[in-house]
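Mapping of the sequence shown onto this note's numbering: residues 814 to 1401, in sequence order.
Each residue gets a CB set at the ideal place from its N, CA and C atoms; glycine is no exception.
Just so we're clear, the structure is a prediction, and the values are computed from it rather than from any experiment.
A quick write-up on the structure given underneath.
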Amino acid sequence: MPLDACIRIAEPVLETLQALERRLPSMERAELARSLAPLVERLRDPLPPDSAAEVVEATLRFCRLLYSNARSRYALPLAEAVLAQANLTGTPAMRGRAATACGVLSADTGDPVNAIEHHVVALRCADGDRLMVSRCWNNMGLAMAVAANYEMAGRCYNRGLALLEGVPGILEARYVALLNLARSQYELGAYEDGLVSGYLALQNEGDMLARDGMAVLRLRRNLVRLLVAVGRVADAEPYMLEAMVLAERIRTPLAAIAASLARGVYELARGETDIGLTRLDAVLAQARAVPATLPETLACVMRAEEMAGHSERALMRLGELSDHIYRPAVEAARQHIELASIADRERMAIEHEQEQVRARLISKLAPPRRPEGWSALERLGVNASMRLDNSGWHGKRVGALSKALAMASGVDALHALEIGFACELHDIGMVSVPDEMLLKRPMQPEVDRAVIERHVRAGAEILSDDEHSRIFLAREVVRYHHAHWDGSGHPQGVAGKRIPLAARICAVADGYDDLVCGLRGTPRATMDDALRELRAAAGRRYDPELVTCFESMIRTETDDLGLDLAADSGMENFQQLVSALQEDRGFV
């Protein structure tokens, strides 16, 4: 490509990046995605080495900015385009930096397998540079931690630290590896070892505050949790206060989550149970939009629920945490010779640990009981359903379908029953929506969005007294049943398995009932056509595995009942199907 043509590509890219940096704080996610799309395309054209180096560094700097603002999903295509550019025109060092960026962003979007692939590329580009190789091992440890494999993460950090033995001075790589190792040791229950690592990190802190304030904040969070775990609550207070000050200074979602976790843990340890649990619940809601933080946050909230005596809720958190388990990362690790020496025994060890936790929680469960005031909530749910469906049975139908889907997807019978009860109340917040908003048919997108946000918020407030696990589960369903698999729903950015399982189940059942019954201003569809529409939205709006499971369940049940899915009298057949699903099938 001629030099003048290369310059014509490079200059607009740099100008666009500068403009985006200025506008980023006020940009909506959809606008950001539209603005970045042409930039990604431009970066795929080859540039001369001088221009490429400048563009690559500027783009990676912008990717770091997006990462710190919890927008890694939008930064990853940029980083991948930069890596393609580096492969065409760059040096090994440039390829290594670009691959590292792709790995860090992949882990932050909840994809540890892709992260490991990129970090292995960076490891090969390091070409024996001890400092760079150490950083690569630390980054691979972070990817393993995202997959909740803290034993293997610790091995990665220790491999990186070993490479720095004998290297004089205070090194950022040593500091970061030590603070991350302290976190893994905490997760594995090695609290005293974690404190040793944390205090060693403090000794190596140097000027880290000026270079990476977020790392300094994370170390304070780690120390708070470790000190609380060994009963030294008073010693934890200064680090908790420092974390809060740092969060105010940094002002990013990652900082807010880390500091609030530290504060919630400290408040629980001080006996301020209601305040601590409320704070941690709010942190968990934030973490659902920041994939890399969710496993750690879930684990922290699970321990807090257990500490507060809420074993049923802790067991639910453990189940959700299992959705983010490490197996894909381990399998990816085994494909690379660089990781083969540390990829052993971890599967049995962590599975055994999870089974021990599960057994401990189950042993604390009381016999199932109906929550006080449940009848009143059921009546309110029927009243809310009548805003959409004259029969008032929309919630009951969704509950029956959700219970059947939960069973078909492998949920144990009693928990499937609880999911069914909880999903009956998914639209309970509709009682707060004014009639004039519901009467707009067809709804305009902005009206529909306002209705969704209003009834979700109101429903969560109605179910805020969540001492009973069923009401707690219903509130989770209410808050997240409009979240889309691709992150485009409400709350925006909450995607994939970061959406609680019960809410994902409810979304499929709710969508199917809407289609067959012609709710929300849509014409009625046959049961077969409704299944076809669900399939079309799988992977975008709905969990694709649940849609497949739902279709199989519907076809099996209707075959057993002798019902024709394609019949025009689909509503009558559908009512017969729902009645069959509502029958007691030996749950208790």
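Original post:
Taking buried to mean at least 16 other C-beta atoms within 10 Å of its own C-beta, is Gln831 buried or exposed?
Top reply: exposed
**OP:** Spatial neighbours of Leu984 within its chain, please: CB distance less than 8 Å, with the 5 preceding and 5 following residues excluded, ordered by chain position.
**Re:** Leu944, Leu977, Asn1017
**OP:** Please report the residue range of the alpha helix (DSSP H) in which Glu1061 lies.
**Re:** Residues 1046 to 1063.
Subject >> Proximity winner among Arg1024, Arg1045, Met1021, Gly1011, relative to Arg1033 (alpha-carbon distances) >> reply: Gly1011
**OP:** With DSSP as the reference, label Ala956 as helix, strand or coil.
**Re:** helix
Original post:
Taking C-alpha atoms, which residue in Ala920, Cys949, Pro925, Gly923 lies nearest to Val934?
Top reply: Cys949
Original post:
How about Ile1232 and Ala1315: are their beta carbons less than 8 Å apart?
Top reply: With contacts defined by Cβ atoms closer than 8 Å, Ile1232 and Ala1315 form a contacting pair.
Original post:
Rounded to a whole number of angstroms, what is the C-alpha to C-alpha distance between Ala911 and Gly954?
Top reply: Looking at the two C-alpha atoms, the distance is approximately 18 Å.
Subject >> Stretch-stretch touch, CB-based, cutoff 8 Å, three pairs: the region 1328 to 1336 with the region 1351 to 1368 >> reply: no
Original post:
Can you give the beta carbon distance from Val1307 to Tyr1355, rounded, assuming they're within the 8 Å contact cut?
Top reply: Actually they do not touch by this definition, with Cβ atoms about 14 Å apart.
Original post:
In its own chain, which residues sit with a C-beta less than 7 Å from the C-beta of Leu1030, not counting the 5 before and 5 after it?
Top reply: Ala1056, Leu1059, Ala1060, Ile1063, Ala1068, Ala1071, Ala1072
Original post:
Excluding the five sequence neighbours on either side, which residues of its own chain have a C-beta within less than 6 Å of the C-beta of Cys1113, listed in chain order?
Top reply: Contacts found: Leu1074.
Original post:
So, using beta-carbon positions, are Gly909 and Ala939 closer together than 8 Å?
Top reply: yes
Original post:
Taking the Cβ atom as the reference point for each residue, do Leu1097 and Leu1134 lie within a distance shorter than 8 Å?
Top reply: no
Subject >> Where Ala1098 sits in the DSSP three-state scheme >> reply: Ala1098: helix per DSSP, three-state reduction.
Original post:
Is Cys1236 closer than 8 Å to Gly1212 when the C-beta atoms are compared?
Top reply: yes
**OP:** Grab me the residues of Ala899's own chain with a C-beta within less than 7 Å of its C-beta, minus the 5 sequence neighbours each way, in chain order.
**Re:** Val869, Met907, Arg908, Ala911
Original post:
Contact check, Ser1198 vs Ile1318 under 8 Å by CB: the rounded distance?
Top reply: 18 Å between Cβ atoms; not a contact.
Subject >> Run of the alpha helix (DSSP H) containing Met907, from where it starts to where it stops >> reply: 905 to 921
Original post:
Would DSSP call Ala1296 helix, strand or coil?
Top reply: coil
**OP:** List in chain order: all unbroken alpha helix (DSSP H) runs of 4+ residues lying wholly within the region 825 to 860.
**Re:** 842 to 856
Original post:
Taking the continuous alpha helix (DSSP H) assigned at Arg987, which residues delimit it?
Top reply: 985 to 1000
Subject >> Three CB pairs or more closer than 8 Å across the region 1037 to 1048 and the region 996 to 1006 >> reply: yes
Original post:
Which word fits Pro1313, buried or exposed, when buried means at least 16 other C-beta atoms lie within 10 angstroms of its C-beta?
Top reply: buried
Subject >> Stretch-stretch touch, CB-based, cutoff 8 Å, three pairs: the region 1113 to 1127 with the region 918 to 938 >> reply: no
**OP:** Output the distance between the C-alpha atoms of Pro1141 and Glu964, rounded to the nearest integer angstrom.
**Re:** Because the pLDDT at Pro1141 is just 48, under 50, the model does not fix this residue reliably, and the value given afterwards should be weighed accordingly. Rounded to the nearest angstrom, the two C-alpha atoms are 15 Å apart.
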